[in-house]
Amino acid sequence: MKIFGISDLHLDSKKEKPMDVFGKNWEDHDLRIFEDWHQKVGQDDLVLMPGDISWALSMKGAETDLRI
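Taking the numbering used here, the leading residue of the sequence shown gets 5, the next gets one more, and so forth.
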């Protein structure tokens, strides 16, 4: 088992608050996170995720963002 830590992902599956307003390096940041996650994180690994996972304001709105 590996232990990972990542925080403040600010995922936005609804594309209401695109992160690329902060610069080109933020374009498709969510897709890059998902791709890297699936390459590195295994079924038996533990991921600690403090901070803002999603931009959503409700659990219903965050459902897609929480399905990493």
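Cβ coordinates follow ideal geometry from the N, Cα and C atoms, glycine included.
Check whether residue i and residue j have beta carbons under 8 Å apart
i   : j   : result
W59 : D16 : yes
I10 : M63 : no
I7  : L50 : yes
Other residues of its chain near residue i: CB distance less than 6 Å, five sequence neighbours each side excluded
i   : result
W30 : M23 and D24
D12 : G55 and D56
Cβ-Cβ separation, residue j to residue i (assumed contact under 8 Å), whole Å
i   : j   : result
D48 : H14 : Not quite, the Cβ-Cβ distance comes to about 27 Å (not below 8 Å), so this is no contact.
Nonlocal neighbours in the same chain, by C-beta distance under 8 Å from residue i, ignoring five residues either side
i   : result
L35 : none
Extent of the continuous beta strand (DSSP E) to which residue i belongs
i   : result
G46 : Looking at the DSSP string, G46 is not in any beta strand (DSSP E), and its letter there is neither H nor E.
G55 : Looking at the DSSP string, G55 is not in any beta strand (DSSP E), and its letter there is neither H nor E.
Range of the contiguous alpha helix (DSSP H) that encloses residue i
i   : result
G65 : M63 to A66
Neighbourhood of residue i by C-beta distance below 7 Å, restricted to the same chain and skipping five residues each side
i   : result
T68 : S17
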